[in-house]
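Residue numbers (the numbering used here), protein chains in the order written: chain A, 1 to 115; chain B, 116 to 229. The structure under discussion appears below in the form of C-alpha cells.
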Amino acid sequence: GAGVSQSPSNKVTEKGKDVELRCDPISGHTALYWYRQSLGQGLEFLIYFQGNSAPDKSGLPSDRFSAERTGGSVSTLTIQRTQQEDSAVYLCASSIRTSDTYEQYFGPGTRLTVT
Amino acid sequence: AQTVTQSQPEMSVQEAETVTLSCTYDTSESDYYLFWYKQPPSRQMILVIRQEAYKQQNATENRFSVNFQKAAKSFSLKISDSQLGDAAMYFCAYLTSGTYKYIFGTGTRLKVLA
Chain A
1 GAGVSQSPSN KVTEKGKDVE LRCDPISGHT ALYWYRQSLG QGLEFLIYFQ
51 GNSAPDKSGL PSDRFSAERT GGSVSTLTIQ RTQQEDSAVY LCASSIRTSD
101 TYEQYFGPGT RLTVT
Chain B
116 AQTVTQSQPE MSVQEAETVT LSCTYDTSES DYYLFWYKQP PSRQMILVIR
166 QEAYKQQNAT ENRFSVNFQK AAKSFSLKIS DSQLGDAAMY FCAYLTSGTY
216 KYIFGTGTRL KVLA
C-alpha cells in the first residue's frame, strides 16, 4: 500500500511568516511522529500522537511550534513566526503496534528554508 | 533516560568489502527493541534491520547482520559485500517495549569507494 507522504517536499519562506507542513500516515497506523533533522545531523524528536491519547509534546523547541492530528489520520505541524534556525528537514513517521510489528515508517520529509 | 551513541561520524569501505558500524546504548530496561535505519541522499529513511532484546540470535537480512551484545549494550551493524548503493547515513535506534518514543543515535555516514 501507500507509504507515508509529506507535503510540500520543499518550502521556502521569509523570516516571520507562518508555515504548515502536512503528513499523511500509512492507513491504519495509530502512532504518528514528527522529527526535525538539521543539515547532516541526527533526528530531533518533536512530538508524537498515539491513538486517542494526549500527544507527547516534550520535544517541541518553543511555543512557536504546534501540531495537530485530525481524525486519527492526517497531521499538520505548524511553525509560527519562523526563524532562520528553523531551517531543517522535517520528517514524519507512522507506526502500528502488533505482536510482531513496531518499527516506524518514514515519509520523504519536507525541507524548510527560512530566508 | 535511555541514550543511543554512535561514535563513528563517518566510515569508508571499499566496494565488495565488509564494514561494521558501531552503536551502544544505555538503558535500565530489560525488554526493548533495536533498529538500524538507512537514510540515502534522497533522505527517505528505510528500516534495514531490527532486533528484539529477548532474542539471543542475531538478526540477519541478506547482506546486513547485527552483533547484539546485551550485557555490553552494544548493537553493531555489519554490511557484507558492500555496494555503491549502501552509501548513506545509518542511524541506530532504540525503543522500550510497551512505549512509543524512539531514541535515535546521531548517525554514521558511510561512503563506499569504487
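Note that the Cβ used here is the ideal one computed from N, Cα and C, for glycine as well. Just so we're clear, the structure is a prediction, and the values are computed from it rather than from any experiment.
Find out if the Cβ-Cβ distance for the pair residue i, residue j is shorter than 8 Å.
i	j	result
A:Y105	A:L21	no
B:V128	B:V119	no
B:F183	B:Q198	no
B:L162	B:F150	yes
A:L15	A:Q80	In the sequence on display, residue 15 of chain A carries Lys and not Leu. No, they are not a contact pair.
A:G107	A:V12	no
B:A202	B:Q154	no
A:Y48	A:C92	no
A:A67	A:S75	yes
B:D146	B:S189	no
A:Y102	B:L228	no
B:K226	A:F45	no
A:S73	A:P25	yes
With DSSP as the reference, label residue i as helix, strand or coil.
i	result
B:E132	coil
A:T82	coil
A:T30	coil
A:D63	coil
B:D201	helix
B:E176	strand
A:C92	strand
A:N52	coil
A:R22	strand
A:Y35	strand
A:E44	strand
B:D141	strand
A:S58	coil
B:A116	coil
List the residues that DSSP assigns as beta-bridge partners of residue i.
i	result
A:Y102	Answer by DSSP bridge pairing: none, since A:Y102 is not bridged.
B:I164	B:W151
A:R69	A:S75
B:L225	B:M126, B:A203
B:Q184	B:S189
A:V12	A:T113
B:Y215	None, per the DSSP bridge assignment.
A:Q6	A:C23
B:Y169	Answer is none; B:Y169 lacks a bridge partner.
Check: Looking at chain D, which residues of the segment 79 to 93 of chain A have a Cβ within less than 9 Å of any of its Cβ atoms?
Finding: Absent from the structure is chain D; the protein chains it does hold are A and B.
Note to self: Give me the subset of the segment 55 to 78 of chain A whose CB atoms are less than 8 Å from a CB atom of chain B, sorted by chain position.
What the structure shows: D56
Next item on the list: Could you please tell me which residues of the segment 208 to 219 of chain B, in chain order, have their CB closer than 7 Å to any CB of chain A?
Entry: L210, Y215, K216, Y217, F219
Note to self: For the segment 14 to 33 of chain A, list every residue whose C-beta sits within 8 Å of some C-beta in chain B, in sequence order.
What the structure shows: A31, Y33
Notebook entry, point to check: Along the segment 139 to 159 of chain B, what residues have a CB closer than 7 Å to any CB found in chain A?
Noted result: Y148, F150, R158, Q159
Next item on the list: Could you run through the segment 164 to 196 of chain B and flag, in chain order, every residue whose CB is less than 7 Å away from some CB of chain A?
Entry: R165
Check: What are the residues of the segment 102 to 114 of chain A that lie near chain B, defined by any Cβ-Cβ distance shorter than 9 Å?
Finding: Y102, E103, Q104, Y105, F106, G107, P108, G109, R111
Item checked: Short-range partners of chain B found in the segment 41 to 52 of chain A, where Cβ spacing is below 8 Å -> Q41, G42, L43, F45, Y48, Q50
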